[in-house]
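Some notes on the structure that comes next.
Numbering (the working numbering), first residue to last: -10 to 1137.
Okay, structure coming up:
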């Protein structure tokens, strides 16, 4: 704590220089006055609270809510001055709200702590005091030497010291960091690579100097100084020497590395955004409405105070004979008296601000979130994973999404490649049961490869199995046994690792067809063709690059001849071919691409002795050049890769998850724009975008890639803007890479946004994690302020998940970081459709009605209290009994709106999924617009005037409403107003309810019945614990009057009849799309009372009352329970419990 305070005051900054010095194994120098630098520990923290700051931090966040802060002030006022109502009326609801919310948020944060503890408590091995010691991940310190075994993730950012390989290399995958599934090779410097044992590492004298932590995953600058025999050897360190936390060790038995960045200073953690409290658009609207109502409250309180003093200007009203002032009251300050009266009126009218709104909203969100987890349509059977809600505060935000930002690898795809088709010598082939079968033919022979390939087919498969950079790993669990002893040279212990997932898929495909790669070492490649071993000497690899879009290998065949195999994109190979079935292959490649397959063309070239000598000489000169090495290599590659003989082409499917294309199309129809943000390569990303329907084949693809300068980027953006403006018909898609995006966001943000907004789909490739978050923030903070959603499955997606309004994690193969830091988690991308179009729609319409209904019923509640002051000389006399004041929002009117907000469905879930355009009806917070808010508020005032003046007309002139001439008093008047109000506001909600369940009926009619029963008991018995019994026998007398009953009925009809007329007229003259769907649904037999008990086809739909009576009498005949969908409407099998009320389940 002292250190933290010193750091905050600037006395002890954590990093005192631009570089950090790390002594390997923490062997600090013993001479001089060395002061070691302080570094962060290795704990990862994704939680928001601690035991120490939970109470103050949570209270601060809760009292940022206007209603909570307001009721705190009211409660304090009630404690300080004499007010018309008890402090309990404000304090108790406030305490309940604060406690319930704190428990809910505390529980959610406890789950985050639990997940953090699993990561921080993971076992790791470190070298300490000359031995390998097991400890917990959180105990790793900067300078510790850490051992990581195969398939383990790195617990901190490590500089590689050595591996089990003599050359000091290792292979890793960074899937959870940047989404790339390819294998990456990292290196140790030669001086440390020989330290492969604990004893040699303990004797190592070395110091690492590197930059302070930064978020860029691809940048690392440092140097290592190794002391050997009193001589210092300095070697540079770069990204190829750094093993990042979250990456996974592959194809290497074990490595040793020194920790340089730990905990929240690791690059993975620096790419996390700091977790902030997300607030939905509905909650922001609620705060705005509360401010307006606060203005109404202040206006009423000030007006009442002024009118009180204006009235008391006359002596007879200032000090009437029955209420003489004391001497102290006469001598008190007028200003203090005015303030005291103002505060008293403020307390009297304070119920216009509904504190119980927050309680109900919290309950609705908390209970409603269970429906997502219970929805069987969101359950993934294969992985046994159901949808998960981490933050229930954003349920309604699912219905407001305008932009979806999605990762590619593992989110849109299964992260698996599969070989599908190929073209050999102008003939198309498919793989059937591990055999190459020409298109149109079937294969009836037993499974497995058979030696029936012709020369062209075999040569093509050999080319595919040799032209790559695939590596092989053997899990040597069989002791000294021959790893190639099994048939075909392949054992379960052999595993392929590739820098490209396409290469791995192709090599595995050739293995299934009988040509198996069995060894790929530095200079030798060995294949087995139907059991016959062939060894090839690897002479040169011409590496792939984005400009050439091809790669080649030059090999020496067993016969001694030199051959080059080349594979790459169609446009990069076919122009350089001189022989083979070029035109047929070109047609086949186009057909593969139309199917969404990733295509590669394969060719070869044979070298004579003289040709190879020239090639070898040129390659050696280019690779040893110190100046312009890249340009010279490109020139040599182009010289070599020509005069090719075309062998064929391959079609590989980057296997998409199920129904990705349908999901993206549904989102597009719903008015939601989809952006794909991926760390993958340009070509790969575009190919997947085309195959998943994000880009259409007819779409004009615009590119903003490989921009080198601000001016070049600006000019390209202007060209793209002109192209979009000139072409009004074609849909446009935009592809932008990470480097160009950085330039565009630096000084041309507005121009970039204009281009993006005019594109139907945007693809961003080669994106660093923080760049993803920046793109999300760019859209989020644009003038339109759209609601954004980010979805991903890896640690590289955490930043954008936290930045977006709604973050969704995919429970994929890339760890649980995304799931832990998300608001919601689902198992597959296709579930996003139902999550938004159905659950989002339901949550939004429920909570918007809940919010507006609460304001309406509180206006109805408190306005008669304000009007009553005009008839009681503004004496602050309450119209309602204090028990009624307290129970109005807690008991009499709370349950119907809560049940409504949990079960209401405007249209059937099937209809919402089949007609995504209905999502547009609720977009841009349309149901909580100022217009609808004004309507509900004015409706509340109108109803309140009817309650008050209707009762006044009945009792104002003649209070003898009993047959015996007995008179009624002010409590009877207030009770009459209150009775009409409770019934009217409850029936008003009944008019708004479309989806009736037995619970709706129970709480609606039960609330009215409870009010009558409670009032009879409360006023019919003398309760000994009450100080006053103002309501004794009042309610019984009121109900004894026929005039009162008549007045109650007339006032209820007067309030609700115009509302019914308005609904009917609007529904028929200007219906919304949702209302049209309701009409179609009612006439096409989705069901009696909306769901399951359906009439046979062609039968006219019965009235709601008739359906209800039939169901309650048990006459819902299952033999008639058929659904008459239109042929054009295809509905998925919906198993959500949200579509079934308990009553419907019991009958159907």
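Yeah, the Cβ is synthetic: ideal placement off N, Cα and C, and Gly gets one too. Bear in mind the structure is a predicted one, so any value in this text is a computation, not a measurement.
Around the CB of residue 356, fewer than 16 other CB atoms lie within 10 Å, so the residue is classed as exposed. Burial is judged here by how many other beta carbons sit within 10 angstroms of a residue's own beta carbon; residue 193 has at least 16 and is buried.
Taking 9 Å as the cut-off, the beta carbon of residue 696 is found closer than this to the beta carbon of residue 732. Here residue 675 is buried, its C-beta having at least 16 other C-beta atoms within 10 Å. Contact between residue 148 and residue 246 holds: their C-beta atoms lie close to 6 Å from each other, under 8 Å. By the neighbour-count definition (other C-beta atoms within 10 Å, threshold 16), residue 31 is a buried residue.
Counting along the chain, the unbroken alpha helix (DSSP H) around residue 59 starts and ends at 55 to 69. Relative to residue 962, the option among 693, 842, 623 and 938 whose CA is nearest is 938. For residue 340, DSSP assigns no beta-bridge partner whatsoever. Measuring C-alpha to C-alpha distances from residue 211 to each of 199, 365, 203 and 845 identifies 199 as the nearest.
The Cβ atoms of residue 383 and residue 812 lie closer than 9 Å to each other. The alpha carbon of residue 414 has as its nearest neighbour, out of 380, 242, 636 and 215, the alpha carbon of 636.
Beta bridge pairing from DSSP links residue 638 with 412 and 590. The beta-carbon distance between residue 176 and residue 230, rounded to whole angstroms, is 6 Å. This is short enough to meet the 8 Å contact definition. Assignment of beta-bridge partners to residue 461 by DSSP yields 485. By the Cβ test, the region 839 to 853 is in contact with the region 958 to 978, since at least three Cβ pairs between them sit closer than 8 Å. Taking the CA atoms as reference points, residue 408 sits about 11 Å from residue 501.
Between residue 372 and residue 789, the gap from beta carbon to beta carbon reaches 9 Å or more.
As the crow flies, the alpha-carbon of residue 1005 is around 24 Å from that of residue 1042.
Scanning its chain for C-beta atoms nearer than 7 Å, with the 5 sequence neighbours on each side dropped, one finds around residue 358 the residues 378, 381 and 384, in chain order. When the Cα atoms are used, residue 131 and residue 917 turn out to be separated by approximately 53 Å. Closest option to residue 166, judged by alpha-carbon separation, among 90, 156, 142 and 101: 142. Put simply, the backbone Cα of residue 557 is about 27 Å away from that of residue 483. The continuous alpha helix (DSSP H) containing residue 937 extends over residues 919 to 944. In this structure, residue 161 and residue 238 form a Cβ contact; the two beta carbons are roughly 6 Å apart against a cut-off of 8 Å. C-alpha of residue 887 to C-alpha of residue 685: approximately 45 Å in a straight line.
Residue 604 is positioned such that its CB atom lies closer than 9 Å to that of residue 628. The residues 552, in chain order, have a CB closer than 6 Å to that of residue 595 in the same chain once the five nearest residues on each side in sequence are set aside. According to the DSSP assignment, residue 159 belongs to no alpha helix (DSSP H) but to the beta strand (DSSP E) extending over 158 to 162. Counting along the chain, residue 855 sits inside no beta strand (DSSP E); it lies in the alpha helix (DSSP H) bounded by residues 830 to 857. By the Cβ rule, the region 384 to 396 counts as touching the region 826 to 833, because three or more pairs are nearer than 8 Å. Bounds of the alpha helix (DSSP H) holding residue 492 are 490 to 501.
Under the three-state reduction of DSSP output, residue 282 falls in the helix class. Under the DSSP assignment, residue 815 falls in the beta strand (DSSP E) whose first and last residues are 813 to 815.
Looking only at 513, 24, 248 and 537, the smallest Cα-Cα distance to residue 528 is reached by 513.
For residue 779, the enclosing beta strand (DSSP E) covers residues 777 to 781.
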